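For the sequence shown, the residue numbers in my numbering are 281 to 412.
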Amino acid sequence: MPLRMKLTAITLDCADPLELAAFYQRVTGYDLHPESDADFAGLTREDGISIGFQRVDDYRAPHWPDQTVPQQLHLDFLVDDLAEAEALLLESGAAKPEQQQGGERWRVFTDPAGHPFCVVGAVAMDTPAVRA
Numbered sequence: 281m282p283l284r285m286k287l288t289a290i291t292l293d294c295a296d297p298l299e300l301a302a303f304y305q306r307v308t309g310y311d312l313h314p315e316s317d318a319d320f321a322g323l324t325r326e327d328g329i330s331i332g333f334q335r336v337d338d339y340r341a342p343h344w345p346d347q348t349v350p351q352q353l354h355l356d357f358l359v360d361d362l363a364e365a366e367a368l369l370l371e372s373g374a375a376k377p378e379q380q381q382g383g384e385r386w387r388v389f390t391d392p393a394g395h396p397f398c399v400v401g402a403v404a405m406d407t408p409a410v411r412a
């Protein structure tokens, strides 16, 4: 019988945990953990999934799509409206790399610390996005 594990957290390295947590809080609606500080910040949801951000001295942001500094991590988010999500993400501090391969199905962005993540339109997945 295979081992069954439940994902409870994803942690990203960065130079400024509170700044990166604020970005992800704006775009996901997760709650900032009350014990967050300059060394480690966390965002939580009632379903038990959390995103952590840990300070790393001399942090080097990944470069997508080249591997000069590898991606380190890649997150995917499902949304109902890709254009609306793009506008919100860019307004919130995300960057959109020039190289895009997903067409109208998905788009790659980078968070303020340089981590790449994809936003996938629910229409491309033929399913509604999950609402928090």
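Even for Gly, the Cβ is constructed at its ideal location relative to N, Cα and C. All values reported here derive from a predicted model rather than from experimental measurement.
CA-to-CA distance, residue j to residue i, given in whole angstroms
| i | j | result |
| --- | --- | --- |
| P342 | V349 | 5 Å |
| C398 | R335 | 23 Å |
| A367 | I290 | 25 Å |
| G382 | G309 | 25 Å |
| D327 | Q305 | 16 Å |
| T288 | E384 | 31 Å |
| H354 | T324 | 19 Å |
| V307 | D293 | 18 Å |
| T365 | V359 | Inspection of the sequence shows that residue 365 is occupied by Ala rather than by Thr. Taking the straight line joining both Cα atoms gives about 7 Å. |
| D361 | Q380 | 17 Å |
| A302 | K286 | 26 Å |
Classification of residue i by the beta-carbon crowding that lies within 10 angstroms, buried from 16 upward
| i | result |
| --- | --- |
| L300 | buried |
| D337 | exposed |
| P314 | exposed |
| A363 | exposed |
Three-state class that DSSP yields for residue i in the structure shown
| i | result |
| --- | --- |
| R385 | coil |
| A363 | helix |
| T308 | helix |
| P297 | helix |
| A393 | coil |
| V410 | Caution applies to V410, whose pLDDT of 46 falls short of 50 and renders its modelled position unreliable; the model cannot decide the point. |
| A375 | strand |
Residue j beta carbon less than 8 Å from that of residue i
| i | j | result |
| --- | --- | --- |
| P297 | D319 | yes |
| W344 | P377 | yes |
| D402 | F389 | Correcting the residue identity first, residue 402 is Ala in this sequence and not Asp. No, these two residues do not count as a Cβ contact at 8 Å. |
Original post:
Which runs of the beta strand (DSSP E), 3 residues or longer, sit entirely within the segment 313–358?
Top reply: List check, beta strand (DSSP E) in window: 320–324 and 330–335.
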